[in-house]
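**Student:** Quick one: the structure is below, questions incoming.
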Ligand code: AMP
Ligand code: ZN
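Residue numbers (the numbering used here): 1 to 113.
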């Protein structure tokens, strides 16, 4: 998508601290981290968000979570991490290219605010 921040990060037009990339997914450090590990995992292909997803997006949404799990394993935060999808403006979603937040490396309270 032409005017999408995260599409521009995937293409390299906007720089990021890339953590991981494969054929389908791309992961980079959140610019405003809320935990010692705060990584964003995104599909390379533009998808606005979970509520816009259809059955044909099931595989890529799963792949994003599996990439997050792999990064959590590598960072040795498997004693407690969280994957979060903010959906819609009232959840705090500010970028409308689907992204899985991977948060960990500290105690995480429940429920989230
Ligand atoms: P959300 O609020 O769920 O839409 O999450 C968007 C996230 O993107 C926020 O946590 C921001 O800190 C993060 N973010 C915004 N711009 C950038 C950027 N240029 N590089 C990395 N992370 C970003
Ligand atoms: Zn996009």
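Built from N, CA and C at the ideal position, the CB exists for glycine as well.
Classify residue 66 as buried or exposed, calling it buried when 16 or more other Cβ atoms lie within 10 Å of its own Cβ.
**Tutor:** Exposed is the call here.
**Student:** Decide if residue 43 is buried, meaning its Cβ has at least 16 other Cβ atoms within 10 Å, or exposed.
**Tutor:** So residue 43 ends up on the buried side.
**Student:** What is the DSSP secondary structure of residue 104, counted as helix, strand or coil?
**Tutor:** Strand, per DSSP.
**Student:** Roughly how many angstroms separate the alpha carbons of residue 47 and residue 33, rounded to a whole number?
**Tutor:** Residue 47 and residue 33: Cα-Cα distance of roughly 23 Å.
**Student:** Note the first and the last residue of the continuous alpha helix (DSSP H) segment covering residue 69.
**Tutor:** Its alpha helix (DSSP H) spans residues 58–74.
**Student:** Taking residue 71 and residue 98 to be in contact with their CB atoms under 8 Å, please state how far apart those CB atoms are, rounded to whole angstroms.
**Tutor:** No, residue 71 and residue 98 are not in contact; Cβ-Cβ is about 17 Å, not under 8 Å.
**Student:** Nearest to residue 51 by CA position, among 8, 85, 73, is which residue?
**Tutor:** The shortest C-alpha separation from residue 51 is found at 85.
**Student:** Alpha carbon to alpha carbon, what distance is there between residue 35 and residue 27?
**Tutor:** Cα-Cα distance, rounded: 16 Å.
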